[in-house]
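All remarks here apply to the structure that follows.
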Amino acid sequence: MIPAVVGAIGFGTRLPVGVDDDAWTALTDRPGVLVLAAVPTGLAGALAVVLPGPSATVAIAYLLALVAVGGITHLDGLADCADGAAAHGSPAERRAIVADTAIGVGGTLAIAGSVAALVAAGLTLANGPAVQAAGIVLASEATASVAMVALAVGGSAATDGLGATVIEPAGGIDALIAGLIGTPLVAAAALAGPLVPVAVGAGGTLAALAVWTWARRTLGGLTGDVLGASHATARICAVHAGVIVWTVS
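Every letter in the sequence shown is one number past the one before it in UniProt numbering, and letter 63, counting from 1, is 63.
Here you go:
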């Protein structure tokens with residue numbers, strides 16, 4: 001299990017933990033531990049929103065913290081899927097577009113929209129009680145990771161690419177592991193109110209399900225890019241759902 005944990009942190013974040021082929025193999029054997037990557041990324045984002053300073057500065061710091069620790073892999077997957085969504089053609093043709101490393105107009109708009117959405121959430125988080133805002137950030141990261149693992153467990157790979165090495169081995173035990181790790185992290189949003197964890201979890205889950213539905217109908221199944229897109233989309237919807245319930249309650 002230790003190599004799988006190292007793999008989750010090493011491949012799921014930018015932290016220098018010294019990953020190798022053994023860690024990757026262990027991670028693909030037990031992909032449920034990928035949720036652990038939400039811990040350092042969520043803590044970095046939480047720390048950013050509790051920093052003193054102008055709201056705009058804090059909001060940008062929140063975005064940069066997520067990127068600095070969590071990397072841009074998920075955002076890249078979202079951009080690739082957005083290009084696939086903007087194109088026309090058969091599932092195979094769309095999968096080829098998604099796999100293309102060049103970013104088109106759809107991908108560019110997806111990146112811009114994601115950045116704007118996270119900064120907008122950060123502006124509201126910066127204006128609230130620090131501990132409550134931190135809880136929402138940590139919960140949204142955990143929700144995104146759990147949702148991504150859930151898709152891998154419930155879906156099937158559309159290709160034999162890198163994503164398939166995570167999707168195909170994922171099973172019920174991985175869903176259980178993801179839930180056990182993620183539940184207390186999502187519960188951190190209760191610091192902002194009893195209904196906030198429900199909103200965070202529901203928002204992220206519904207977003208991931210929407211990506212999954214689109215991928216099944218359009219691409220014929222899941223790919224690594226789809227998993228990344230589900231994480232990026234779930235993060236945005238989870239944090240905004242939490243912020244909405246937090247501010248109106």
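Every residue gets a Cβ at the ideal spot worked out from N, C-alpha and C, and that includes glycine.
Review point. Just how far apart, CA to CA, sit residue 93 and residue 29?
Key: Here residue 93 refers to the residue found at position 93 of the sequence shown. Here residue 29 refers to the residue found at position 29 of the sequence shown. One C-alpha to the other measures close to 30 Å.
Check your understanding: From residue 27 to residue 47, what distance separates their C-alpha atoms?
Key -> Locating residue 27 in the sequence shown gives position 27, counting from the first residue. Locating residue 47 in the sequence shown gives position 47, counting from the first residue. In a straight line, the C-alpha of residue 27 is about 28 Å away from that of residue 47.
Practice item. Run the CB neighbour count on residue 36, radius 10 Å, all protein chains shown included, and call it buried at 16 or more, exposed below. Key: Taking the first residue of the sequence shown as 1, we reach residue 36 at position 36. It counts as buried.
Review point. Helix, strand or coil: which one does DSSP assign to residue 157?
Key: Indexing the sequence shown from 1 puts residue 157 at position 157. Note: residue 157 maps to strand in three-state DSSP.
Practice item. Taking only the alpha-carbon atoms, compute the straight-line gap between residue 64 and residue 44 and give it to the nearest angstrom. Key: If you number the sequence shown from 1, residue 64 lands on position 64. If you number the sequence shown from 1, residue 44 lands on position 44. Distance between the alpha carbons of residue 64 and residue 44: 9 Å.
Practice item. Evaluate the contact criterion for the stretch 49-57 versus the stretch 195-212: three or more CB pairs, one atom per stretch, below 8 Å. Key: no
Check your understanding: Mapping DSSP to helix, strand and coil, what is residue 222?
Key -> As a working mapping, residue 222 is identified with position 222 in the sequence shown. Three-state DSSP puts residue 222 in a strand.
Point to revise | Alpha-carbon spacing of residue 150 relative to residue 129, whole angstroms | key: On the sequence shown, position 150 is the one that residue 150 refers to. On the sequence shown, position 129 is the one that residue 129 refers to. Approximately 32 Å between the Cα atoms of the pair.
**Study point:** Integer Cβ distance of residue 200 from residue 147, believed to fall under 8 Å
**Key:** As a working note, residue 200 is residue 200 in the sequence shown. As a working note, residue 147 is residue 147 in the sequence shown. The pair is not a contact, with the Cβ atoms about 11 Å apart (cut-off 8 Å).
Exercise for review: Could you check what DSSP says for residue 175 in three-state terms: helix, strand or coil?
Suggested key: Within the sequence shown, the letter at position 175 stands for residue 175. Correct three-state label for residue 175: helix.
Review point. Relative to the alpha-carbon of residue 74, which residue among 236, 241, 246, 240 has its alpha-carbon at the smallest distance?
Key: Indexing the sequence shown from 1 puts residue 74 at position 74. The shortest C-alpha separation from residue 74 is found at 236.
Exercise for review: Measuring alpha carbon to alpha carbon, tell me which of 133, 224, 112 ends up nearest residue 240.
Suggested key: The residue given as residue 240 occupies position 240 in the sequence shown. The shortest Cα separation from residue 240 among 133, 224, 112 belongs to 133.
Review point. How far does the alpha helix (DSSP H) with residue 97 in it reach, from first residue to last?
Key: Along the sequence shown, read from residue 1 onward, the residue named residue 97 stands at position 97. Residue 97 -> alpha helix (DSSP H) spans 91-99.
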